[in-house]
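As structure tokens, the structure follows; a few thoughts come after it.
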Amino acid sequence: MYRVNQIIKTISNMNSYAPYNQINKKSNLLRKIQVYSFLTSLFSLILMVIMAVIYKVFDLPKQPFILPAFVLYALNSIAGIIYLFTPIIPGVKFMLNFKKEIFNDLICEIDNDEQNIEKLMPYSLTELNYSIDWLNIKIQRVKSRINDFFGEKTAVLSIIGLAYSAVQGFGGLDKLGDTITKGLFNSGTANTLIVFGLAFLLGLSLGALALKNVANHLQYLKEMIELAKKIKEKENI
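As structure tokens, this is what we get:
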């Protein structure tokens, strides 16, 4: 039988060229800031939801919840904005020096891919073709579960929207310093449905983001096998 499993194990250790890790530390720092800002936005949302549930279930005094709720909301919004605008910085840098950046990226990418292709050269053309067929099947299965409407930016916007809804449960932005007049689940059926709708949207967004990353990685691995196949075909001529 063809060594498909062995090929899959070989390519499982391959990664595409990541400029922010290999060009300089500043780009890597920006990526870390983006990740931490997303986690901050998500965790602040979770804390606000927990506060709303505690307030509702245990019927505690309203006043102690006002300041923490709005502090968490401000933190959530600021972190979300940082996450959305952080990618602009490398983009501006790239435009200012795009010629040098393009060729540096190309050279590093070719070097990285050639190292990956070299690991596939011991396998036969038949085995490589069979592996490509299996990767095509897997990629189609993953893509069939992805709705193009959902993605990374939608997930962040969903978090911000959920945070706003949670704060509305504590009185709204225009009532800062006032007592809470309505709980999260006492603000009417329409508002409750909006909250759960946004939560559903957030779940779909995060799920779609994970699946897209999987599909993109599988596509890259397929391209490596195809390049190795082309090299072997030329060697056999």
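To get this note's numbering, take the position in the sequence shown, counting from 1, and add 236.
The beta carbon of each residue, even a glycine, is placed where N, CA and C say it ideally should be.
All values derive from a computational prediction rather than experimental measurement.
message = Taking its Cβ as the centre, do 16 or more other Cβ atoms sit within 10 Å of Asn-241, making it buried, or is it exposed?
response = exposed
key: Bounding residues of the alpha helix (DSSP H) (the contiguous stretch that carries Asn-241)   = 240-247
message = Taking a contact to mean a Cβ-Cβ separation below 8 angstroms, would you say Leu-371 touches Lys-458 in this structure?
response = yes
inquiry  = Under 7 angstroms: does the beta carbon of Lys-298 sit that close to some heavy atom of the ligand MN?
reply    = No copy of the ligand MN occurs in the structure displayed, which carries no ligand at all.
task = Please report how far the alpha carbon of Ser-277 lies from the alpha carbon of Leu-442, in whole angstroms.
result = 14 angstroms
inquiry  = Measuring straight from C-alpha to C-alpha, what distance separates Leu-311 and Thr-322?
reply    = 16 angstroms
task = Using the Cα positions of Thr-415 and Ala-288, report the straight-line distance between them to the nearest angstrom.
result = Note that Thr-415 has pLDDT 36, beneath the 50 cutoff, so the model's placement of it is unreliable and no number is given.
ask   = Considering only residues of the region 301-359, which uninterrupted alpha helix (DSSP H) runs meet the minimum length of 4 residues and lie entirely inside it, listed in chain order?
value = 324-332 and 334-354
query = Start and end of the alpha helix (DSSP H) containing Leu-361?
reply = 361-379
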